[in-house]
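In my numbering, each number is its position in the sequence shown, counted from 1, plus 48.
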Amino acid sequence: MSKLIINNFEINNLITHTTKGSHSKMGAELLNYGIMTIDYKSKRFYFNSYGNPLNTDGDFGFTQTLKNNKLVVGYVWDEDLKHKMSYGDEILAINNEEFNASTFCDYVTKKSILKSSSKLSLKVKTHEGNILDLELEKKQLSSIFDNFNIKSNAR
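Structure follows, in structure tokens:
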């Protein structure tokens, strides 16, 4: 999506995704950029941003999610990555930071490294039990659009 505006707060070059299951995180990342208020009685949604417009500069081609108290691969939309990993594959380490019961909580409560880094070392355990060491680079939004044959006037 080239632009999303919520109460005068602009998010440019946005990638949206949804999750399955009973623990949907719809809109959870929006909380990083402002205060959200839901007025159930009046059936209203309010959002007051912390600052300037947000411009996303790319993506690694997959999401991460939680499953059975583990960090796992969520949706994979990068065509090259689809041949290497899939939904539910366990993420064992990111940039050589291994995840276990004692480090897991720290990881999920701090700012996502997927947003702040342009390169990523990923260790993944596949459904078959294979351990993969992957070196990833952020791809521009336009290349992700190309995977889905999406036309955008933002390019």
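C-beta atoms are modelled at their ideal positions from N, C-alpha and C, and glycine is treated no differently.
The C-beta of Thr113 has 16 or more other C-beta atoms within 10 Å across all chains shown, which makes the residue buried.
Gly122 and His131 have their C-alpha atoms some 14 angstroms from each other. Annotation for Lys91: no beta strand (DSSP E) segment contains it, and DSSP assigns it neither H nor E.
Going by C-alpha positions, Leu79 is about 14 angstroms away from Asn55. In the DSSP assignment, Lys167 falls outside any alpha helix (DSSP H) and lies within the beta strand (DSSP E) extending over 167-173.
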